[in-house]
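**Student:**
Number of protein chains: 2
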Amino acid sequence: MTTVSNVVNGRLELMSEATRERVAAAIRELNYRPNAGARNLRLSQRGAVGLIVVDESPRFLADPMTSNILAGISNYLSGNGYGLLVTGIRRAAVADLHLLRRDQTDGLCIMASGTQQERRALYRQFKDTGQPIVIFQDEAPDFMTDTLSIRQDDHKAGELLAERLIQRGARRLALLVPAQSWPAMAERQAGALAAATRHGAKLDTVTCGSEEIADTQLAIARYVERSGLPDALLGGNDQMGCAALTWAQDRNFAVPGDVRVTGCNGFAFIDYVRPRLTSIASPAYEMGKQGGAMLLQRLSEGRFKQREMLFDVTLVPGGSD
Amino acid sequence: MTTVSNVVNGRLELMSEATRERVAAAIRELNYRPNAGARNLRLSQRGAVGLIVVDESPRFLADPMTSNILAGISNYLSGNGYGLLVTGIRRAAVADLHLLRRDQTDGLCIMASGTQQERRALYRQFKDTGQPIVIFQDEAPDFMTDTLSIRQDDHKAGELLAERLIQRGARRLALLVPAQSWPAMAERQAGALAAATRHGAKLDTVTCGSEEIADTQLAIARYVERSGLPDALLGGNDQMGCAALTWAQDRNFAVPGDVRVTGCNGFAFIDYVRPRLTSIASPAYEMGKQGGAMLLQRLSEGRFKQREMLFDVTLVPGGSD
DNA sequence: CTGAAAGCGCTTACAG
DNA sequence: CTGAAAGCGCTTACAG
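Below is the structure:
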C-alpha cells in the first residue's frame with residue numbers, strides 16, 4: 000500500500016522505474032481511481048472550496064459578472080486539484096445551507112447582495128464556519144478577520160465614464176441605479192459624482208425600480224418628463240445602459256446626437272447593439288482566477304498575504320457617447 | 000455518539016424531546032459541523048456530482064445556455080444535500096481531469112463539444128469511470144449504457160422559425176451556422192430544412208467561421224454579395240441572430256422590411272436590440288433542474304427511468320421578422 | 001438511551 | 001521496497 004500511495008501521489012523518487020511501471024500497469028488494469036474523500040479525511044482537509052452566490056433569483060448566473068468570476072475561480076482550482084462546490088441561494092435560506100451546516104470545504108468564496116446590514120449578517124454566518132473567506136465586489140467588514148476582499152475599481156469606472164461624457168460636452172448627466180443598490184454600484188455613483196463636481200457638471204441620480212429593462216425605461220421616462228432630456232444617460236451597468244439606448248431609440252432620439260449613453264462592465268452583448276455601447280471592461284474572470292489563487296495560497300501558508308485586491312478597469316469606447 | 004449521529008441525521012423518533020434538545024444545545028455551543036467527507040466515506044458515497052463542460056475557451060460559461068443549465072442543476076442538487084463540482088476543460092486536457100482520475104463524485108453531467116467522433120471519444124472516457132452520466136444537448140451513443148440524454152427539441156425550433164418566416168412571405172431563407180457545428184445546431188438546421196421543403200421554400204446554409212459577431216457578419220456579407228439579399232436571415236442562435244440584425248442595420252437595410260431576422264434560445268439580451276429579436280425560448284434552466292433530479296433518482300433507485308428527455312420549445316415573437 | 005467496536009479507503013511512521 | 005499498524009470522523013449493529 001505504501002508504494003501504491005507513493006506512485007499515486009507522485010513520490011516517484013522513492014522507487015525504481017520498474018516498480019513504478021508495475022504499479023502503473025496494475026492501476027490501468029484495475030481501472031483504479033483513488034478515493035479522494037478517504038485521502039482528504041486522512042489529511043484533515045476537504046479538497047474543495049465553496050462558492051456561495053446569495054441572490055433572490057434562481058437564475059443566479061444570469062449576470063455575466065457572476066459567471067465570469069465563477070469561470071475564473073473554477074479554472075484555477077480545477078488546475079490545482081481542488082474542487083469548487085457552487086451554490087446559489089436566497090438570503091432567507093442561507094442559515095440552512097449545506098455548505099455552512101456541514102464541514103465540507105476548506106474555504107469559501109462569497110458574492111453577497113442586499114443592504115449593508117443584510118450583507119453584514121451574511122458575513123457573520125460565513126465567518127462562524129471558521130473558514131478563510133474571499134469576498135467579491137464588496138469590502139470586508141472589520142469583524143471579518145481571515146478574509147480577502149476582491150473588487151474592481153468601480154469608483155474609477157464611474158469617473159472614467161463621467162469625465163469622458165463631460166469632455167464631449169455633456170453638462171447634465173443622469174445616472175441610472177437600481178433601488179436595491181449594491182456596493183459596486185454605489186462606488187460607480189460616487190466616482191461619477193466626484194468627476195462631475197470636479198468639472199462643474201451636474202449629476203442627477205435616477206433610481207429605477209430594478210435593473211430590469213422595463214423598470215429602467217419607466218424610470219427614465221419619468222425623469223425626462225420631470226427634468227427634460229439630459230445630455231447623457233449613464234447606465235449603472237450594461238443592462239441599464241442598453242435599456243437607455245433602446246428607450247432613446249423607441250422615442251426617436253438620436254444616440255449620441257440627442258443624448259449620450261454609456262454602460263458598465265462591457266460584457267459580450269454590448270457589441271450587439273447599435274451604436275455600440277461605450278462601457279467599462281470588467282476584469283471579472285481575472286478576479287475569479289486571482290481569488291482562487293489567493294485562497295489556495297492562504298490554505299497552504301496559513302494567512303492571506305493581503306486584505307484587499309483592487310483590479311483596474313479601462314474604458315471601452317463604443318459609438319453611443 | 001450514536002445519539003448525536005441520530006440527531007444530526009434527523010432520526011428524532013429514537014429519543015426523547017429532552018435528549019434531542021440537550022444534543023442540539025451542545026451542537027450550538029460547540030459550533031459543531033459534522034464532517035461530510037467522513038460520513039460519505041462510511042456510507043460509500045461521494046455526496047457530489049460533477050459537471051464537466053468541454054470547451055476550448057476558459058470562459059466556458061459565456062453561453063447563457065450553459066450557465067442556465069448549470070444554475071438548474073446546482074439549485075436542484077443543493078436543495079437535496081448534494082454538492083456540484085464544476086469544471087470547464089479543453090478537450091485535450093480531459094484525460095488528466097481530476098474528476099476522472101480520482102473517485103470523488105457519484106455521477107457526472109456532461110456538456111461536450113466538437114465533432115461526433117471527438118464527442119464519442121469523450122463519452123468513452125467518462126463511461127470508464129463507471130458512473131451514471133447525464134448528457135446535455137446531445138444524443139447518447141449506443142455504447143453509453145448507464146446514461147440519460149437531455150435535449151431541447153431543436154428540430155422543432157428550426158421548424159417553428161422557418162414556418163413563421165414562410166407564412167410571413169419569405170421564400171428564400173438563409174440559415175447561419177458556425178463551421179464547427181454541434182448536434183443542437185444540426186437539428187435546428189434539419190428542422191428548418193424540413194419546413195422549407197414542405198412549403199416549397201428555399202433554404203440556403205451560410206457557414207460562418209465561428210459564431211462570433213465578426214465571423215458571422217463576414218459570412219453574411221459574402222453570401223449576399225454572391226446570392227443577393229435573402230428574404231430572411233436565421234441565426235443559428237441569438238448571438239448570430241443579433242449579428243445579422245446589426246449587419247443589416249449597418250448597411251441600412253430595414254428589418255424586417257428588407258430582410259427578416261430570427262435567433263434561437265431567447266436569452267436576456269434579445270430584449271435589448273431593436274427591433275426585438277424573434278427567437279425560441281429555451282428551457283435550459285428546467286433541463287438542468289430535471290437533469291439533477293433524474294441523476295439523484297438514478298443514484299437512489301439503481302437505474303435511469305428513461306434513456307432520453309426531450310424538452311419542448313416555443314417561439315417568442317419579437318419585431319424582427 | 002449509552003457505550004464499545006468495526007469498518008469505510010486512504011496516509012504515513014516504522015520495522016524488516 | 002513491503003507489510004503491519006494507527007488514525008482521520010463518521011455510521012450502525014449490538015449489548016447493556
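Residue numbers (our numbering), protein chains in the order written: chain A, 0 to 320; chain B, 0 to 320. Backbone N, C-alpha and C define an ideal beta-carbon position, used for all residues, glycine too.
#1: Flag B/R101 as yes if its beta-carbon sits less than 7 Å from any beta-carbon of chain A, otherwise no.
#2: Short of 7 Å in beta carbon distance, which residues of its chain neighbour A/I269, apart from the five on each side in sequence? Order them along the chain.
#3: What does A/G318 reach in chain B if we use C-beta pairs closer than 8 Å?
#4: According to DSSP, is B/E20 part of a helix, a strand, or is it coil?
#5: Report yes or no: do three or more beta-carbon pairs, one from the region 98-117 of chain B and one from the region 25-40 of chain A, lie closer than 8 Å?
#6: Just to confirm the assignment: which complete alpha helix (DSSP H) runs, minimum length 4, are found wholly within the region 107-147 of chain B?
#7: Closer than 7 Å, Cβ to Cβ, to anything on chain A: give me those residues from the region 9-29 of chain B, in chain order.
#8: Could you tell me the distance, in whole angstroms, from the CA atom of B/K288 to the CA atom of B/L298?
#9: With a cut-off of 7 Å, does the C-beta of B/G240 fall near any C-beta of chain A?
#10: Would you say B/F59 lies against chain A (beta-carbon separation less than 7 Å)?
#11: Using a C-beta to C-beta distance shorter than 7 Å, which residues of chain B count as neighbours of A/S66?
#12: Any C-beta of chain A within less than 8 Å: which residues of the region 229-263 of chain B qualify?
#13: Please classify A/F303 as buried or exposed, where buried requires at least 16 other C-beta atoms within 10 Å of its C-beta.
#14: Take A/Q248 as the anchor and find which of A/V272, A/L174, A/M14 has the nearest alpha-carbon.
#15: Output the distance between the C-alpha atoms of B/P182 and B/I51, rounded to the nearest integer angstrom.
#16: What residues from chain A crowd round B/D270, counting only those whose CB sits closer than 7 Å?
#17: Could I get the ranges of all uninterrupted alpha helix (DSSP H) runs contained in the region 206-258 of chain B, with 4 residues as the minimum, in chain order?
#18: How many whole angstroms separate the CB atoms of B/G9 and B/D54, which I take to be in contact at a CB cut-off of 8 Å?
#19: Could you work out which residues of chain B lie near A/S73, taking near to mean beta carbons separated by less than 7 Å?
#20: Shorter than 7 Å from the beta carbon of A/N39 to some beta carbon of chain B?
#21: Can you find a C-beta in chain A that's less than 7 Å from the C-beta of B/A183?
#22: Along chain B, in chain order, which residues have C-beta atoms closer than 7 Å to that of A/A267?
#23: What is the DSSP secondary structure of A/D152, reduced to helix, strand or coil?
#24: Any beta-carbon of chain B closer than 7 Å to the one on A/P140?
#25: Grab me the residues of B/R150's own chain with a C-beta within less than 6 Å of its C-beta, minus the 5 sequence neighbours each way, in chain order.
#26: Do you know how far the Cα of B/A47 is from the Cα of B/E285?
#27: Give the range of the beta strand (DSSP E) segment to which A/L13 is assigned.
#28: In terms of residue numbering, what span does the alpha helix (DSSP H) encompassing B/E300 cover?
#29: Establish whether the CB of A/P33 and some CB of chain B are separated by less than 7 Å.
#30: Give, in chain order, every unbroken run of the beta strand (DSSP E) that is at least 3 residues long and sits entirely within the region 46-87 of chain B.
#31: In angstroms, rounded to a whole number, what distance separates the CA positions of A/D153 and A/A185?
#32: If we define contact as Cβ-Cβ less than 7 Å, is A/S77 a contact residue for chain B?
#33: For B/L76 versus A/V85, is the C-beta distance shorter than 7 Å?
**Tutor:** If we stick to the structure as given:
#1: Chain A, which has a Cβ nearer than 7 Å to the Cβ of B/R101, makes this yes.
#2: Only residues of its own chain outside the window of five on either side were considered, and among them D237, G262, R275, L276, S278, G317 have a CB closer than 7 Å to the CB of A/I269, listed in chain order.
#3: Contact of A/G318 with chain B by beta-carbon distance below 8 Å is absent, the smallest such distance being about 11 Å.
#4: In the structure shown, B/E20 sits in a helix (DSSP, three-state: H, G or I).
#5: Yes, the region 98-117 of chain B touches the region 25-40 of chain A.
#6: Here the runs fully enclosed are 115-126.
#7: Of all residues in the region 9-29 of chain B, none comes within less than 7 Å of chain A when Cβ atoms are compared.
#8: Between B/K288 and B/L298, the alpha-carbon positions lie close to 16 Å from each other.
#9: False, the Cβ-Cβ gap to chain A never drops below 7 Å.
#10: Taking Cβ atoms only, chain A reaches closer than 7 Å to B/F59, which makes this a yes.
#11: Those within 7 Å of A/S66 in chain B are L60, S66.
#12: Within the region 229-263 of chain B, contact with chain A at the beta-carbon level (separation under 8 Å) is assigned to Q238, C241, A242, L244, T245, Q248, D249.
#13: Burial is judged here by how many other beta carbons sit within 10 angstroms of a residue's own beta carbon; A/F303 has at least 16 and is buried.
#14: Taking only the C-alpha atoms, the option nearest A/Q248 is A/V272.
#15: Spanning the two alpha carbons is a distance of roughly 18 Å.
#16: One finds I212 in chain A with Cβ atoms closer than 7 Å to the Cβ of B/D270, taken in chain order.
#17: Counting whole runs of 4 or more residues, the region 206-258 of chain B contains the alpha helix (DSSP H) stretches 212-226, 237-249.
#18: Actually they do not touch by this definition, with Cβ atoms about 40 Å apart.
#19: At a C-beta separation below 7 Å, A/S73 has these neighbours in chain B: V85, T86, G87.
#20: Yes, A/N39 lies at the interface with chain B (some Cβ there is under 7 Å from its Cβ).
#21: No, B/A183 does not count as interfacial toward chain A.
#22: The contacting residues are A61.
#23: Judged by DSSP in its simplified three-state form, A/D152 adopts coil rather than helix or strand.
#24: The beta carbon of A/P140 sits no closer than 7 Å to any beta carbon of chain B.
#25: Hits under 6 Å: Q136, L309.
#26: Cα to Cα, B/E285 sits roughly 20 Å from B/A47.
#27: Neither: A/L13 is in no beta strand (DSSP E) and is coded neither H nor E.
#28: If you look at B/E300, you'll find it in the alpha helix (DSSP H) that goes 283-300.
#29: Yes, A/P33 lies at the interface with chain B (some Cβ there is under 7 Å from its Cβ).
#30: Listed in chain order, the beta strand (DSSP E) runs fully inside the region 46-87 of chain B are 47-53, counting runs of at least 3 residues.
#31: Straight-line spacing of the CA atoms in A/D153 and A/A185 works out to 8 Å.
#32: It does: the Cβ of A/S77 has a partner Cβ on chain B nearer than 7 Å.
#33: Contact: no.
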